[in-house]
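Asker: Residue numbers (my numbering), protein chains in the order written: chain A, 279 to 531; chain B, 85 to 173. Dumping the structure here so I can ask a few things about it.
Shown next, in the form of structure tokens:
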């Protein structure tokens with residue numbers, strides 16, 4: 279009897295870089311004036327900011343809307359949330375056209391054939407939202423405003439789309455004959471096999487994942503899963519690798 | 085049955101090292117320990133040992149691990165000399 283064991287890894291069913299939505303304007307807040315966003319480097323009227331537009335404090339993750347279409351001073355915009363300290367000096371912000379903030383647009387996307395309602399979208403900064411509607415081949419509506427083409431950091435335009443139930447993203451990962459599992463860094467774990475490739479080269483696979491929230495988190499989970507798989511009966515051949523909320527596998531190379 | 089040693093590595097947590105298919109465990113008296121497998125793959129444990137101390141321990145631990153029941157998959161090793169890195173080639 280040949281005993282093989284596999285972990286089932288949930289890989290993204292689609293990966294890409296969003297081409298929209300683009301923010302009307304983005305930058306860093308200057309002060310913490312209650313009810314206002316001020317940025318000496320901004321010109322809100324020129325950026326076509328209008329009442330009702332979506333305002334995100336990227337630093338804190340809190341959102342509000344523009345309460346009054348800005349005219350003058352051009353570096354100041356009134357916001358609906360008048361809580362003192364909603365913005366503090368140095369907070370990153372972006373303002374999106376009302377109604378666009380929940381979109382994911384990719385002009386080269388093939389969403390109609392690949393994506394279903396309920397699929398999970400993760401941006402490059404690790405934020406997640408569910409697919410609410412598949413609007414077209416190039417546009418999705420999400421349950422949260424996590425996508426934007428700017429600013430470049432934190433990364434809100436790279437996207438990975440997952441399906442949590444059995445799906446095309448599930449991939450068997452052979453754990454038979456592993457020589458060692460190495461912690462490469464907080465984003466990568468490398469599995470090396472005892473047997474070599476046909477050309478004699480080392481046979482190893484690097485598993486790329488979202489950042490560890492604590493030291494060696496993914497490495498330790500993977501090690502435990504491998505050991506646990508071999509502690510099971512021989513007929514338990516494939517076992518899902520269960521990851522904590524927010525941690526995802528990005529790819530295997 | 086798969087058997088592993090779980091070896092603490094400096095700044096890299098505990099690393100699984102396979103006990104299966106090992107054909108030799110070699111080292112100098114004070115230097116790195118090399119596990120060579122049937123396929124030719126080699127794992128080098130970077131260390132500074134005393135009179136083959138870590139090599140002897142690894143050999144003993146492999147023997148002990150392989151003598152346990154099939155549900156004892158991983159054997160945690162408290163190494164006598166720090167392993168500062170693991171390379172595979």
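Think of the CB as a built atom: it goes at the ideal place given N, C-alpha and C, for glycine as much as any other residue.
Applying the 10 Å Cβ sphere with the 16-neighbour rule, what's the burial state of residue 445/A?
Answerer: Exposed is the call here.
Asker: Note down the Cα distance separating residue 164/B from residue 436/A, rounded to an integer number of angstroms.
Answerer: Residue 164/B and residue 436/A: Cα-Cα distance of roughly 46 Å.
Asker: Can you give the beta carbon distance from residue 119/B to residue 134/B, rounded, assuming they're within the 8 Å contact cut?
Answerer: Not confirmed; about 19 Å, so no contact.
Asker: Could you tell me the boundaries of the alpha helix (DSSP H) in which residue 389/A lies?
Answerer: 389–392 is the span of the alpha helix (DSSP H), which, as asked, contains residue 389/A.
Asker: Quick one: is residue 488/A buried, meaning 16 or more other Cβ sit within 10 Å of its Cβ, or exposed?
Answerer: Buried, since its Cβ has 16 or more Cβ neighbours within 10 Å.
Asker: Which ranges does the beta strand (DSSP E) cover as unbroken runs of at least 3 residues, wholly within the stretch 357–428 of chain A, from first to last along the chain?
Answerer: Counting only runs of 3 or more, we get 370–374, 381–383, 398–401, 406–414 and 417–420.
Asker: For residue 162/B, name the three-state secondary structure that DSSP assigns.
Answerer: Reduced to three states, the DSSP call for residue 162/B is coil.
Asker: Of all the CB atoms in chain A, is at least one closer than 9 Å to the CB of residue 142/B?
Answerer: Not closer than 9 Å to any Cβ of chain A, the Cβ of residue 142/B fails to qualify, so no.
Asker: Between 349/A, 462/A and 451/A, which lies nearest to residue 326/A when the distance is taken from Cα to Cα?
Answerer: Selected option, being the one with the closest Cα: 349/A.
Asker: Does chain B have any CB closer than 9 Å to the CB of residue 505/A?
Answerer: Yes, because at least one Cβ of chain B sits closer than 9 Å to the Cβ of residue 505/A.
Asker: According to DSSP, is residue 319/A part of a helix, a strand, or is it coil?
Answerer: Coil, per DSSP.
Asker: How would you write the range of the alpha helix (DSSP H) that residue 470/A sits in, first residue to last?
Answerer: Per DSSP, residue 470/A belongs to no alpha helix (DSSP H); it is in the beta strand (DSSP E), 466–471.
Asker: Can you pull the chain A neighbours of residue 104/B, defined as C-beta to C-beta under 8 Å?
Answerer: Those are 455 and 472, listed as they occur along chain A.
Asker: At a CB distance below 7 Å, what residues from the stretch 480–498 of chain A approach chain B? Give them in sequence order.
Answerer: Result list: 480, 494, 497 and 498.
Asker: So is residue 462/A buried or exposed if we call it buried at 16+ other beta carbons inside 10 Å?
Answerer: The residue is exposed, with fewer than 16 neighbouring Cβ atoms inside 10 Å.
Asker: Got a sec: which bits of the stretch 112–127 of chain B sit with their beta carbon under 8 Å from any beta carbon on chain A, in order along the chain?
Answerer: If the cut-off is 8 Å between Cβ atoms, the stretch 112–127 of chain B has 121, 122, 123, 124, 125 and 127 near chain A.
Asker: Which residue comes first and which comes last in the alpha helix (DSSP H) that contains residue 489/A?
Answerer: Note, residue 489/A: premise wrong, no alpha helix (DSSP H); not H, not E.
Asker: In terms of DSSP beta bridges, what is residue 437/A paired with?
Answerer: Partner(s): 294/A and 401/A.
Asker: Does residue 173/B come within less than 9 Å of chain A when only Cβ atoms are used?
Answerer: For residue 173/B, the answer is yes, since a Cβ of chain A falls inside 9 Å of its Cβ.
Asker: The beta strand (DSSP E) with residue 510/A in it runs from where to where?
Answerer: It is not in any beta strand (DSSP E) - residue 510/A carries neither H nor E in the DSSP assignment.
Asker: Tell me the residue span of the alpha helix (DSSP H) that contains residue 139/B.
Answerer: 137–150 is the extent of the alpha helix (DSSP H) around residue 139/B.
Asker: Alpha carbon to alpha carbon, how far is residue 469/A from residue 483/A? Give it in angstroms, no decimals.
Answerer: Distance between the alpha carbons of residue 483/A and residue 469/A is about 5 Å.
Asker: Hey, out of 383/A, 523/A and 450/A, whose CA is closest to residue 423/A's CA?
Answerer: The shortest Cα separation from residue 423/A among 383/A, 523/A and 450/A belongs to 383/A.
Asker: Measure from the C-beta of residue 100/B to each C-beta in chain A and report whether the shortest distance is under 9 Å.
Answerer: Answer yes: the Cβ-Cβ gap between residue 100/B and chain A drops below 9 Å somewhere.
Asker: My output table needs one value for residue 288/A: the three-state DSSP class, helix, strand or coil.
Answerer: DSSP places residue 288/A in strand when its eight states are reduced to three.
Asker: Of the choices 97/B, 167/B, 147/B and 162/B, whose alpha-carbon is the least far from that of residue 87/B?
Answerer: Ranking the options by Cα distance to residue 87/B, first place goes to 147/B.
Asker: If we define contact as Cβ-Cβ less than 9 Å, is residue 152/B a contact residue for chain A?
Answerer: No, no contact with chain A.
Asker: For the 8 Å Cβ check, are there 3 or more pairs between the stretch 383–393 of chain A and the stretch 346–365 of chain A?
Answerer: As far as the Cβ criterion goes, the stretch 383–393 of chain A does not touch the stretch 346–365 of chain A, which means the pair count is below three.
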